[in-house]
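Student:
2 protein chains.
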Amino acid sequence: MFSNTVEASNLLKFAHKLADGAGSAIQPYFRRRLSVSNKAGENLFDPVTEADKAAEATMRALISAEYPQHGVNGEEFPDKPADGPYTWVLDPIDGTRAFIMGLPVWGTLIGLTQNGAPVVGMMDQPYTRERFWAVEGGEAYFRDAYGEGVMRTRPCATLSEAVLAATAPDMFKGEDIGRFNALSEKTRMTRFGGDCYLYCMLAMGGLDLIAESSLKSFDIAPLVPIIRAAGGVVTTWDGGDPASGGSIIAAGDPHLHAEALKVLAG
Amino acid sequence: MFSNTVEASNLLKFAHKLADGAGSAIQPYFRRRLSVSNKAGENLFDPVTEADKAAEATMRALISAEYPQHGVNGEEFPDKPADGPYTWVLDPIDGTRAFIMGLPVWGTLIGLTQNGAPVVGMMDQPYTRERFWAVEGGEAYFRDAYGEGVMRTRPCATLSEAVLAATAPDMFKGEDIGRFNALSEKTRMTRFGGDCYLYCMLAMGGLDLIAESSLKSFDIAPLVPIIRAAGGVVTTWDGGDPASGGSIIAAGDPHLHAEALKVLAG
Numbered sequence: 016m017f018s019n020t021v022e023a024s025n026l027l028k029f030a031h032k033l034a035d036g037a038g039s040a041i042q043p044y045f046r047r048r049l050s051v052s053n054k055a056g057e058n059l060f061d062p063v064t065e066a067d068k069a070a071e072a073t074m075r076a077l078i079s080a081e082y083p084q085h086g087v088n089g090e091e092f093p094d095k096p097a098d099g100p101y102t103w104v105l106d107p108i109d110g111t112r113a114f115i116m117g118l119p120v121w122g123t124l125i126g127l128t129q130n131g132a133p134v135v136g137m138m139d140q141p142y143t144r145e146r147f148w149a150v151e152g153g154e155a156y157f158r159d160a161y162g163e164g165v166m167r168t169r170p171c172a173t174l175s176e177a178v179l180a181a182t183a184p185d186m187f188k189g190e191d192i193g194r195f196n197a198l199s200e201k202t203r204m205t206r207f208g209g210d211c212y213l214y215c216m217l218a219m220g221g222l223d224l225i226a227e228s229s230l231k232s233f234d235i236a237p238l239v240p241i242i243r244a245a246g247g248v249v250t251t252w253d254g255g256d257p258a259s260g261g262s263i264i265a266a267g268d269p270h271l272h273a274e275a276l277k278v279l280a281g
Numbered sequence: 016m017f018s019n020t021v022e023a024s025n026l027l028k029f030a031h032k033l034a035d036g037a038g039s040a041i042q043p044y045f046r047r048r049l050s051v052s053n054k055a056g057e058n059l060f061d062p063v064t065e066a067d068k069a070a071e072a073t074m075r076a077l078i079s080a081e082y083p084q085h086g087v088n089g090e091e092f093p094d095k096p097a098d099g100p101y102t103w104v105l106d107p108i109d110g111t112r113a114f115i116m117g118l119p120v121w122g123t124l125i126g127l128t129q130n131g132a133p134v135v136g137m138m139d140q141p142y143t144r145e146r147f148w149a150v151e152g153g154e155a156y157f158r159d160a161y162g163e164g165v166m167r168t169r170p171c172a173t174l175s176e177a178v179l180a181a182t183a184p185d186m187f188k189g190e191d192i193g194r195f196n197a198l199s200e201k202t203r204m205t206r207f208g209g210d211c212y213l214y215c216m217l218a219m220g221g222l223d224l225i226a227e228s229s230l231k232s233f234d235i236a237p238l239v240p241i242i243r244a245a246g247g248v249v250t251t252w253d254g255g256d257p258a259s260g261g262s263i264i265a266a267g268d269p270h271l272h273a274e275a276l277k278v279l280a281g
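Protein chains in written order, with the working numbering: chain A, 16 to 281; chain B, 16 to 281.
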């Protein structure tokens, strides 16, 4: 928890600055890549890796300039240890399959942890100009094509009424496959595809449940403050701390989370 | 084939007018629905059905006023028989699962058939302000956040290099399940989720192959002119006319289409 609200406000403002920088770095590669790729020939140019690296380098440069004592954990470069409590957790392009196809359901994830606990979270979609964010202890906010506002999850206490989502069926391995299928069979509807976008739609009240597997810390830690501030619950499948990744379950309604945990426990 | 280019131009202009009307009818229900739904209580208000009906009614009214002799086949209301060669094929919201979750990967499909053959096709995404369209015999066009232009599929002749997509694994029934899985195993990557959006991204060169099942005529007929004008091939899984729906295979590269047909034939 932040002891100082001025500090929290400054760190949130800085997260917005990181998102702006990442978006500017990524956009030249989204969809434009096609002509570049054809000119360069096969396999000489991987646009999603180039965009990932450009965005993470941009964010790391901003952090080094403003908060040199902060740590950085990102997908593309080695971890930078923190001198103090704060570490930024960055995933420049979450949803690489969507990105390479040209679908707008990917996002830039920016999280801040304090002694390992997620305290600021942000998801930015620069193509659609959508942004979702929260500071621990506050409300969850969105900005979309219709305006800005506070996000709240929707009530849905029973699995039979729940809308479930996951990024892809092939993300589940070993016994997780059967556990996910058991959960899916008890819900009203399951949809695949969406990555970080799904957690923001859960925060906005568009769906009830997300069950995923094989997540990295930077895939989920930046989303934890958003889900919690909107009224949702997010843990690992055995009810533990989600910030390190692994198999993750998020629910808009705490009662639904409890029901889902029972099924996932087998 | 249009015998008269002035007529083709007028019908394309009119398709844009239909898309504008449908978008205005749908947008009040997208994401806004959440508060409405909570106020109205459970099951009293189905926003996607309301939006579907409002958009189709808007398009039918425009067609009756401008082209009273044209037929209309839509998802929400009974077919209106044509007095002459032309019938409009309308799917106001293709991608209802995405719509209800708040994801922007749904679209309004507007097609025109001439004696049963698709001659004009359009996909409109009013939230992101994206539009994709083509007239048979012409080029395929897009308008997105970066501008307007001509779309071309990308070359990819071999399954092992192909990016495959489908809307959902549960759309395949019976022996189609094994056939789709056999195709998926031979490709480089498979992604689920996207509906009509996938076909437009194929036309834009973002992916190589789409295999789907259980499609209705209005799910695919409006996309056929777009895929073909961009250089792609679209048929049923046994190589037949795709305009009536069923099991559909679309490829950006004609060689890849031939390879995929061999696998789907078993």
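In this text, a Cβ means the ideal position worked out from N, Cα and C, and glycines have one as well.
1. Can you pull the chain A neighbours of residue 118/B, defined as C-beta to C-beta under 7 Å?
2. When we look at the beta-carbon of residue 135/A and count the other beta-carbons within 10 Å, is it buried (16 or more) or exposed?
3. Tell me the rounded alpha-carbon separation between residue 25/B and residue 140/B.
4. Residue 300/A lies in the beta strand (DSSP E); which residues open and close that run?
5. List, in chain order, every chain A residue whose beta-carbon is nearer than 8 Å to that of residue 221/B.
6. Is it buried or exposed for residue 130/B, if we count other Cβ within 10 angstroms and need 16 for buried?
7. Would DSSP call residue 32/A helix, strand or coil?
8. Are any of the Cβ atoms in chain A nearer than 8 Å to that of residue 178/B?
9. Tell me which same chain residues have a C-beta within less than 7 Å of the C-beta of residue 240/A, skipping the five on either side of it?
10. Mind pulling the chain A residues with CB within less than 8 Å of residue 159/B?
11. Check whether the region 106 to 120 of chain B and the region 65 to 73 of chain B touch, using three or more Cβ-Cβ pairs below 8 Å as the test.
12. Tell me whether residue 88/B sits in a helix, a strand or coil according to DSSP, three-state version.
13. Taking only beta-carbon positions, decide if residue 143/B is within less than 8 Å of chain A.
14. Give the residues of chain A in contact with residue 204/B, contact being defined as C-beta atoms less than 7 Å apart.
15. Taking all protein chains shown into account, decide if residue 20/B is buried (16 or more other Cβ within 10 angstroms of its Cβ) or exposed.
16. Who are the near neighbours of residue 28/B in its chain, counting only those whose CB is closer than 6 Å to its CB and skipping five residues on each side?
17. In or out: residue 45/B buried (at least 16 other Cβ within 10 Å) or exposed?
18. Cβ closer than 8 Å: which chain A residues qualify as neighbours of residue 184/B?
19. Let me check understanding here. Comparing Cα to Cα, which of 244/A, 229/A, 242/A, 22/A lies closest to residue 252/A?
20. Identify which residue in 162/A, 93/A, 88/A, 82/A has its Cα closest to the Cα of residue 47/B.
21. Can you tell which of 219/A, 189/A, 226/A, 188/A has the C-alpha that lies nearest to the C-alpha of residue 198/A?
22. Return the chain-ordered list of same chain residues with a C-beta closer than 8 Å to the C-beta of residue 93/B, the five sequence neighbours on each side being excluded.
23. Under the three-state reduction of DSSP, which class applies to residue 214/A: helix, strand or coil?
24. Suppose you measure from the CA of residue 23/A to the CA of residue 83/A; what does that come to, to the nearest Å?
25. Please state if the CB of residue 166/B and the CB of residue 238/B are separated by a distance shorter than 8 Å.
26. Taking the DSSP output, what are the residues bridged to residue 95/B?
27. Hey, would you say residue 266/A sits closer than 8 Å to residue 128/A, going by beta carbons?
28. Going by alpha carbons, who is nearest to residue 124/B out of 255/B, 170/B, 263/B, 34/B?
29. Helix, strand or coil: how does DSSP classify residue 180/B here?
Tutor: The short version:
1. 120, 209, 212, 216
2. buried
3. 22 Å
4. Residue 300/A lies beyond the range of chain A shown here (16 to 281); nothing can be said about it.
5. 46, 49, 115, 116, 117, 118
6. exposed
7. helix
8. yes
9. 133, 134, 135, 136, 149, 150, 151
10. 46
11. yes
12. strand
13. yes
14. 112
15. exposed
16. none
17. buried
18. 184, 207
19. 229/A
20. 162/A
21. 226/A
22. none
23. helix
24. 17 Å
25. no
26. 87/B
27. no
28. 34/B
29. strand
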